[in-house]
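The block underneath contains the structure these notes are about, expressed in structure tokens.
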Amino acid sequence: MMKKIVITGATGFLGKELLKSLDRDGLEIILLARKIDPTIKLKAKIHWILGDITQPDIVHDDQYKKKLLEADTVFHAAAFYDLKGSYNDCFLGNVVGTRNLLNFFKTSKKLKSFHYVSTIAVIDPVGNESILEDVLPERKSFSDFYSQTKYSAEKMFRDFEFSQNNVAKIIYRPGVIVCASYDSHKFKEDGPYYFAKVLKKFRPILNFIPHLILSFDSKATLPIVPVDHVANFMAQSLNRSEFPKEVRTYHLVSDDLPTIPVFLEQILNELGINIGLKNTDITFVNNQILTKIGIPKETIPFMFHRHSYDKSNCYKDFENGFESHYKDFQVVLLKSLKDV
Amino acid sequence: MKQILCLSFAQENLNYEEEVELLGRRAKLIHYSCNFDTELTESLIKKYDGVVDVICITGLPPKIKFKKGFFLHPDSFRIKTSAKHTPIVDGQVFKDVYIPWAMRRFYLKNPQFLTKKKIGFYTGALQKTFVEVLEELENKLIMADPYFLMKLPFTLNGNKSLEKFLKILTPVLKNLKIKKSSVGNFDSHYRKYNRALDEFLSSDILVGNEANISFLDLKHLKNKTLILDIVTPQFFEKLKEAGLKEAMICLPTDKHPFINYSIIEAFIQLRKGEGRIVKEDDIIWAIDELQLHPEVVKLNDDLDKTVRFAFVIHPLSSKYLFKHPLLKPVAKYSKPFEKVAEDLMALSPGFFYGFINGIVSEKNGRRVQGLIYTVTETPKKLVESEPEVVYKKILRLCEKADNEGAKIIGLGAYTKIVGDAGVTIARLSPIPVTTGNSLSAASTLWAAKLAVEKIDLVKKEGMQFKGVAMVIGATGSIGAVSAKVLALSWDEIIIVAPRAYKLLELKDDILKINPKVKIDISTKADDHTHRADLIITTTSSRGETILDIMKVKPGAVICDVSRPFDIKEEEAIQRPDVMVIASGEVQLPGHIDMKIDIGLEGNIVYACLAETALLAMEGKFESFTLSRNINYEKVLEIDRLSKEHGVRLSQIMGHNGFLTDEEFRLCRELALKKLNSAS
């Protein structure tokens, strides 16, 4: 029987890559979106359904409702991602949208699995902990509304109960998503791209300064992952016939990542900036300066990020685990950062 | 199913859906917390307008009413009027009715909790209903509104200054954005730099609500008492972690976990239907239906700390006056001077008499210490004096006890029957007061039951005594409750008191408890003593004869509750076939160390003292028993607490000390002889 999948956020950066990974014959994909993207063309059968997940009634037409409820799998990748976004926009997009979608499928008799794209941003980035997959650690403060609302949404998803208790609940927590490992042009400006942009802008000045003074933890790493690695892993889930009964979480962060100072040096090298790095303790002043020159303050905590992400579920449930190594996409990434 | 959109304006991270049944209606609650974001609140209202049946919002700044007008923040107004189809409620109508009623009701049961206290409000403007009620109850109010709202370094005292402040600052407040970051810092670290904060934090009780204080650093609440209109389980845990000692919660939610004021109002709105406004009568009905009442909850109860209680006694007669250190040297020659001593000592103030140490609860291991104070009046003097004079003396002792850390004080013997039986003293005392009559009544019945069983002349079927029990002084506080409790386990009850009309009222009350019991009423005990197997005397006869012991049935047990005794020793001796027992004495759990003489042998104490100690063991610091009316349910409660903590009947006592099994056996033998020779 043809598998029917509903995808939200298909027109977004991750969503498009996910479509690519999922695309095959024998699949029917229902794209729930606010508007049609005519550039999306697939081998699989596509249906576009226009709707708004931030409304209590996500679609109005009963026919479309019926179509959506035929799905046996839902990939919920839609989110409001903008570090400068207002609380209103982030909450509506991430919390209310997720709640409305869950409620819509609550009583579905055909649904077998609901896949929710969360983010490692739900974890406080500052620290040196081993983050377990199936736990959402309690968190009281957030540096931005995106991570705050994604935290609320993941909490809500974990607590949600479908009427049919055999619906599998799967959570993906991707790291900071960077360009595709095969194409340096496919990227979204985020994380290291902000740094690269600023360094490029000030390149003429930086070449005359002996040291770039920044505040960071010398053992910190930036938890990045290429977009196609995330999408490919998620698409693998479609091949599973069974999932565990309890909520299953997968951390999708690349392995063997360089430390922050090493990574910054690689970027500086790629950009042709000949400058040494120096670490400072005057964090507050340093952060003020970084914000002033265009680095979003929400990314700065990652300069002190030393967490390791447990991936035992990835290895338990998938033969090859989550295969993603920095050395395999380093060259493409650095080129991508150069071209920002 | 009906749907209610619930928006918590001042909370974050609490998003859920739940089906709830309340006031005869079932509805789905769709709950979002808006984290002080007005834009989000309005967006959600717009999205759900016309989709849900009611929208309820909690945590928005309310309408603040002054004498000549009101202030409503423009953001609040805009939000509350943003729906076109669905009614919006905010719980304010409910609060305006419920809170004054709840506070007054609480005050009547626990007057010292809310009288003559320094009460600090984080913001009186947002808690106006509390301000008005608490000011009526003669408390000193400190309002931190200038500091809380605008970080200004001063506080307001009283409703009048609050109204003046609000009037002057209305134009500024209108432009103030509602957000959590703009409020003052209440960290007690800043006390030394900020007089306003220092004054506020030195309050006996603080008043706030979760919306105002959940985002503050709560460490300043350590060991404090807080009054809250309502508290969520999550915030309750935060308060516990912060070391808050106790909280008075106006609307406890343990029976209805998902409710708050606005949700209750939403359900009332559902019940009323479309187009109709919720009014005060609807609120009154809901309060009655939901059986709501405020509660004090202890959050951090330090069981390791010794808790102190106090107890007031008096000399039982003029000869006891010569136990006073000043008069002890001349005690041998006291007889001719007893009258003079009685008159003179009545003029001197009460004083600290001694400690009772070593009390340890069997339930929770709490250690309790008793501070025994005494007034200097004999029973005769206490009854002759003006109540106000005696009140003053006792109140001074209450203040002393409070200064020494006592959490509750009990009134012994005649100190509890003066005037209004503790009510005025309780109202004016800084610590709760109890007469101890609940445990006096309970222990009377323990002793009586045991004595009847030892004499073993009354047939018993299961728990039911197939005989006649009589209560003399039945319309008194202990007598009435004794009669009601005996009616549950005796076939026939005779109730005796001087006023017939009161007996008729009591008879009706007893029949409501047990319609099957046979009840006789009389104003003359002697007409019926020949039939009674058990007689409880609880009068304040002060030496007058209350019955002719020669007419009492052989083998009867007379349980003499009164002090001084109703049955004199000389009378009891005349009837060795009648068992006269004393009652009201119990033993406390632990290894009691009592070096003072309170008129009882060994480590036995009066039941009224034991009640005070028991309440201290339980941590129940309230005026448990007051006035002349002992509550039947309270007697049952104190009976239960006694069993839990290990307060027990001491050995049954007669006029001259403990009664042995041999004495019971002898009495029974003599009674049987008499009964056989009579037949």
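Chains A and B are the protein sequences, given in the same order. Take any residue in the first sequence, count from 1 to its spot, add 5: that is its number in the working numbering. Take any residue in the second sequence, count from 1 to its spot, add 5: that is its number in the working numbering. The beta carbon of each residue, even a glycine, is placed where N, CA and C say it ideally should be.
Backbone secondary structure at residue i - three-state DSSP
i              : result
T528 (chain B) : coil
E324 (chain A) : coil
L493 (chain B) : coil
E23 (chain B)  : strand
A76 (chain A)  : coil
E251 (chain A) : coil
H650 (chain B) : helix
F124 (chain A) : Residue identity differs from the one stated: residue 124 (chain A) is Thr in this sequence, not Phe. Of the three classes helix, strand and coil, the one that applies to T124 (chain A) here is coil, per DSSP.
Q132 (chain B) : helix
Q592 (chain B) : strand
H52 (chain A)  : strand
G102 (chain A) : helix
I218 (chain A) : strand
P179 (chain A) : strand
N212 (chain A) : coil
Y187 (chain A) : coil
A351 (chain B) : coil
K123 (chain B) : strand
D598 (chain B) : strand
G196 (chain A) : coil
P263 (chain A) : coil
Any C-beta of chain B under 8 angstroms from that of residue i
i              : result
N274 (chain A) : no
N171 (chain A) : no
M7 (chain A)   : no
N93 (chain A)  : yes
L106 (chain A) : no
L55 (chain A)  : no
M161 (chain A) : yes
I152 (chain A) : Note that residue 152 (chain A) corresponds to Ser in the displayed sequence, not to Ile. S152 (chain A) does not count as touching chain B.
V127 (chain A) : no
N59 (chain A)  : A small fix is needed here, since residue 59 (chain A) is Thr in this sequence, not Asn. Yes, T59 (chain A) lies at the interface with chain B (some Cβ there is under 8 angstroms from its Cβ).
S157 (chain A) : yes
Cβ-Cβ separation, residue j to residue i (assumed contact under 8 angstroms), whole Å
i              : j              : result
S254 (chain A) : D164 (chain A) : Before going on, a small fix: residue 254 (chain A) reads as Thr here, not Ser. Not quite, the Cβ-Cβ distance comes to about 14 angstroms (not below 8 angstroms), so this is no contact.
D54 (chain B)  : A88 (chain B)  : 4 angstroms
N279 (chain A) : S220 (chain A) : With 8 angstroms as the limit, N279 (chain A) and S220 (chain A) do not qualify as a contact, their Cβ atoms being about 22 angstroms apart.
Residue i CB to nearest heavy atom of the ligand NAD below 7 angstroms
i              : result
D261 (chain A) : This structure lacks the ligand NAD, and indeed carries no ligand of any kind.
Cutoff 8 angstroms: residue i Cβ touching any chain A Cβ
i              : result
Y266 (chain B) : no
S219 (chain B) : no
N18 (chain B)  : yes
V56 (chain B)  : yes
N40 (chain B)  : yes
S48 (chain B)  : yes
L45 (chain B)  : yes
K7 (chain B)   : no
K224 (chain B) : no
(request) List in chain order: all unbroken alpha helix (DSSP H) runs of 4+ residues lying wholly within the stretch 496-563 of chain B. (result) 505-518
(request) Tell me the start and end of each unbroken alpha helix (DSSP H) in the stretch 424-481 of chain B that is at least 4 residues and wholly inside, in chain order. (result) Counting whole runs of 4 or more residues, the stretch 424-481 of chain B contains the alpha helix (DSSP H) stretches 428-433, 442-460.
(request) At 4 residues or longer, and completely inside the stretch 365-408 of chain B: list those alpha helix (DSSP H) runs for me, N to C. (result) 384-389, 392-408
(request) Could you tell me whether the stretch 111-121 of chain A touches the stretch 266-283 of chain A, using the rule of 3 or more Cβ pairs below 8 angstroms? (result) no
(message) Does the structure place the stretch 239-247 of chain B close enough to the stretch 261-270 of chain B that three or more beta carbon pairs sit under 8 angstroms?
(response) no
(request) State whether the stretch 386-406 of chain B contacts the stretch 422-440 of chain B, with contact taken as three or more CB pairs (one from each stretch) at a distance under 8 angstroms. (result) Yes: at least three Cβ pairs fall under 8 angstroms.
(request) Please confirm if the stretch 453-461 of chain B is in contact with the stretch 556-565 of chain B, defined as three or more CB-CB distances below 8 angstroms between the two stretches. (result) In the pairwise beta carbon analysis, the stretch 453-461 of chain B is classified as touching the stretch 556-565 of chain B: at least three pairs are separated by under 8 angstroms.
(request) Determine contact between the stretch 624-631 of chain B and the stretch 107-117 of chain B, defined as no fewer than three beta-carbon pairs at a distance below 8 angstroms. (result) yes
(message) Pairs of beta-carbons, one from the stretch 125-136 of chain A and one from the stretch 93-109 of chain A, closer than 8 angstroms: are there three or more?
(response) no
(message) Below 8 angstroms, how does it come out for the stretch 374-383 of chain B and the stretch 305-322 of chain B: are there three or more Cβ pairs, yes or no?
(response) yes
(message) Taking 8 angstroms as the cut-off, does the stretch 15-25 of chain A touch the stretch 213-233 of chain A (at least 3 CB pairs, one atom from each stretch)?
(response) yes
(request) Could you tell me which uninterrupted alpha helix (DSSP H) segments, each at least 4 residues in length, are contained entirely in the stretch 91-117 of chain B, listed from first to last along the chain? (result) Whole alpha helix (DSSP H) segments, 4+ residues: 97-114.
(message) Quick test of the definition: if touching needs 3 or more C-beta pairs under 8 angstroms, does the stretch 213-222 of chain B touch the stretch 123-138 of chain B?
(response) yes
(message) Under 8 angstroms, with one C-beta from each stretch per pair, do the stretch 612-623 of chain B and the stretch 415-430 of chain B reach the 3-pair mark?
(response) yes
(message) Please give the ranges of any beta strand (DSSP E) in the stretch 232-317 of chain B, keeping only runs that are unbroken, at least 3 residues long and fully inside the region.
(response) 251-254, 300-303
(message) Count Cβ pairs between the stretch 53-71 of chain B and the stretch 84-101 of chain B that sit closer than 8 angstroms; are there 3 or more?
(response) yes
(message) For the pair the stretch 255-264 of chain A and the stretch 166-179 of chain A, tell me if three or more CB-CB distances fall below 8 angstroms.
(response) yes
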